[in-house]
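In what follows, a structure is listed as structure tokens, so that the remarks can point back to it.
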Amino acid sequence: MNFTTIFTVYTKELRDMLRDRRTLLSMIIIPTLIMPGLFFAVGYVGMKVVKKARAEVPSVMLLGAADSPGVRNALEGFDGIALLPPSDDWRERISNKEVRAVVEVPEDFEAKVAAGEPAAIQLYHYEGELKSGLALRRLRDFFRDLRTQMVETRLTDRGLPATLVKPFDIAEENVAPPEKVGGNAIGGFLPYMIVILCFTGAMYPAIDLTAGEKERGTMETILCSPIGRLDLVLGKFLMVLTASLSTVACSMISAAISLTVAGSMMSGSAAGSGAGGGAIPLLHPLGLIGMVGMVLPFAVFFSALQLSIALAAKTYKEAQSYVSPLIVVVILPAVIGMLPGVELNAKLALVPVLNLSLVSKEMVSGVFNWGYIALIFGSSCVYAAAALGLCVRMFNRESVIFRT
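Quick note: the sequence shown, position 356, residue 392 per the numbering used here, numbers continuous.
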């Protein structure tokens, strides 16, 4: 193995990649500009939609209540909803989003309540629909307040204090440090994005340096040069690894700048309105550094694996059809790591991608289980070495190199 030759191959492939607009687009432009722009656009649109839905007065239909004037009058005087006259097709109107919710008051409701008999008010809504959910929440709060008011009136009429049914209040206070709160909030999403970027950043260079070389007819020319197969494959591998890590680095730097700008804007807006700041979650700095270190063997693993798979293809399109479906295999373990209740243990520490997602979620929260961290890093290095060994073996097979 000649390090000078490896570096020569690496610099040659790097120059070729930097001249390729497609690689620059996938490696630098998309992670740095487009992805943060999409996040901001989605966040802005989502915030506008929720704000508009909350500002809208939901239309609510009242069924019954002919013999319960107290409930009817209270609902008519409630500014949070707009009452509609009853109709027989109210279920269809809820499904068609013409009515956000329906309140059904049973017969003799107020009489039953006054007599101490059990009675229930039925609320109908469209589950999963934003505006219907907001209407349901307002109605729940309204009837909860109405129930409390009825109880207090009864107690007052009997000369009893209102605290008889509410002897104490419940106060809540968060004692977790900000980095644990931030890690719990976005700790699962951050490694998910890093895994995807690490994989996609290596995809197009790996395909271009193998199947692309075959399709252009330049693979034979490179093999005729006085360069060993091992030096050649390591030079190409380093180029793919550089692309993978560059994609992650560009995306993380851009995301950090975007979050800093967004945090300062939100803090300024909160200060101007008198509200509290701190909308952007904090992450443990040592955990972020540790997460970057844990990503390195995975970048080696993804780069070597995609280089091996793409080398087996005859053409660029065939290589894409081989490599692209792997994104699903990569995403699924990362998604499992985001699910609540999935905790890191010795068995899961050996599952690729899932172990990175789980340990990163803990580290950015300030939790460092060094035994699991060592096990995950060691197993990841083993997987990366196996993938790199497979890549070298594939490059030494003539049937694979000259498969056209």
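Beta carbons: idealized from backbone N, C-alpha and C, even for Gly. Being a predicted model, the structure only gives us computed values, none of them experimental.
What separation, rounded to the nearest whole angstrom, lies between the Cα atoms of residue i and residue j?
{"i": "LEU380", "j": "ALA410", "result": "13 angstroms"}
{"i": "ALA382", "j": "ASP181", "result": "50 angstroms"}
{"i": "VAL7", "j": "SER401", "result": "This structure cannot speak to residue 7, because the chain is shown only from 37 to 440."}
{"i": "GLY313", "j": "LEU170", "result": "In this prediction, GLY313 scores a pLDDT of 43, lower than 50, which makes its location untrustworthy; no coordinate-derived value is stated."}
{"i": "LEU322", "j": "PRO214", "result": "14 angstroms"}
{"i": "LEU166", "j": "ARG176", "result": "15 angstroms"}
{"i": "THR189", "j": "TYR160", "result": "28 angstroms"}
{"i": "SER168", "j": "PRO94", "result": "8 angstroms"}
{"i": "THR351", "j": "MET255", "result": "12 angstroms"}
{"i": "PRO72", "j": "TYR358", "result": "29 angstroms"}
{"i": "MET239", "j": "VAL395", "result": "25 angstroms"}
{"i": "VAL403", "j": "PRO333", "result": "21 angstroms"}
{"i": "MET399", "j": "ALA385", "result": "14 angstroms"}
{"i": "GLU354", "j": "THR47", "result": "27 angstroms"}
{"i": "ALA315", "j": "LEU74", "result": "Reliability fails at ALA315, whose pLDDT of 47 lies under 50, so the model's placement of it is uncertain and the value that follows must be treated cautiously. Near 19 angstroms, if we compare the C-alpha coordinates of LEU74 and ALA315."}
{"i": "LEU196", "j": "GLY100", "result": "33 angstroms"}
{"i": "LEU120", "j": "LYS84", "result": "27 angstroms"}
{"i": "ALA441", "j": "ARG429", "result": "An answer regarding residue 441 cannot be provided, because it is not within the stretch 37 to 440 covered by the chain."}
{"i": "ALA38", "j": "VAL284", "result": "The amino acid occupying residue 38 in the given sequence is Asn; Ala does not appear at that position. Rounded to whole angstroms, ASN38 to VAL284 spans 29 angstroms at the Cα level."}
{"i": "VAL378", "j": "LEU347", "result": "36 angstroms"}
{"i": "THR68", "j": "SER360", "result": "22 angstroms"}
{"i": "TYR419", "j": "ASN210", "result": "41 angstroms"}
{"i": "ILE367", "j": "VAL331", "result": "15 angstroms"}
At least one CB of chain C closer than 8 angstroms to the CB of residue i: is that the case?
{"i": "PHE337", "result": "The chain inventory of the structure shown lacks chain C, comprising one protein chain alone."}
Hey, out of the options, whose CA is closest to residue i's CA?
{"i": "ASN432", "options": "ASP267, MET275 and ASN391", "result": "ASP267"}
{"i": "LYS202", "options": "PRO214, PRO213, VAL187 and GLY195", "result": "VAL187"}
{"i": "ILE372", "options": "ALA349, PHE225 and PRO333", "result": "PHE225"}
{"i": "ARG265", "options": "PRO333, LEU196, CYS427 and THR68", "result": "CYS427"}
{"i": "ASP125", "options": "GLY106, LEU98, ALA118 and PHE337", "result": "LEU98"}
{"i": "GLU163", "options": "THR184, SER396, ASN132 and ARG190", "result": "ASN132"}
{"i": "GLN356", "options": "PRO262, GLU256, VAL366 and PRO241", "result": "PRO241"}
{"i": "CYS234", "options": "SER282, ALA423 and ASN405", "result": "SER282"}
{"i": "MET53", "options": "GLY248, SER290 and GLY407", "result": "GLY248"}
{"i": "SER416", "options": "ASN405, ASN391, VAL141 and LEU368", "result": "ASN391"}
{"i": "ASP244", "options": "LYS272, ALA102 and CYS260", "result": "LYS272"}
{"i": "ALA370", "options": "PRO361, SER360 and VAL387", "result": "VAL387"}
{"i": "PHE338", "options": "MET327, HIS320, ILE363 and GLU49", "result": "ILE363"}
{"i": "ALA198", "options": "ARG183, VAL211, GLY106 and ALA207", "result": "ARG183"}
{"i": "GLU4", "options": "ILE258, LEU69 and MET288", "result": "Nothing about residue 4 can be read from this structure; the chain reaches only from 37 to 440."}
{"i": "VAL141", "options": "GLY106, ILE42 and VAL45", "result": "GLY106"}
Can you check DSSP and say which residues form a bridge with residue i?
{"i": "TYR160", "result": "VAL138"}
{"i": "VAL284", "result": "Bridge partners of VAL284: none, in fact."}
{"i": "VAL96", "result": "LEU119 and ALA137"}
On the criterion of 16 or more Cβ atoms from any shown chain inside 10 Å, does residue i qualify as buried, or is it exposed?
{"i": "VAL231", "result": "buried"}
{"i": "PHE413", "result": "buried"}
{"i": "PHE204", "result": "exposed"}
{"i": "ALA77", "result": "exposed"}
{"i": "VAL336", "result": "buried"}
{"i": "GLY310", "result": "Below a pLDDT of 50, predicted positions are generally treated as unreliable, and GLY310, at 45, falls in that range; the measurement from the model is reported next regardless. It is exposed - the Cβ of GLY310 has fewer than 16 other Cβ atoms within 10 Å."}
{"i": "PRO376", "result": "exposed"}
{"i": "ASP193", "result": "exposed"}
{"i": "VAL269", "result": "buried"}
{"i": "CYS286", "result": "buried"}
{"i": "THR296", "result": "exposed"}
{"i": "THR236", "result": "buried"}
{"i": "ILE66", "result": "buried"}
{"i": "ARG252", "result": "exposed"}
{"i": "SER435", "result": "exposed"}
{"i": "MET280", "result": "The sequence given here has Ser at residue 280, not Met. The residue is buried, with at least 16 neighbouring Cβ atoms inside 10 Å."}
{"i": "PRO455", "result": "Past the edges of the chain, shown from 37 to 440, lies residue 455, and the structure says nothing about it."}
{"i": "LEU200", "result": "exposed"}
{"i": "SER393", "result": "buried"}
Quick check: does the Cβ of residue i come within less than 7 angstroms of any heavy atom belonging to the ligand FAD?
{"i": "VAL387", "result": "Absent from the structure shown: the ligand FAD. Ligands present: none."}
- Within the chosen definition, does the region 60-67 reach the region 127-142 through at least 3 CB pairs nearer than 8 angstroms? no
- Just checking, does the region 331-342 make contact with the region 270-288 on the three C-beta pairs under 8 angstroms criterion? yes
- Message: Across the region 147-158 and the region 112-128, are there enough close Cβ pairs to call them in contact, namely three or more that are closer than 8 angstroms?
- Response: no
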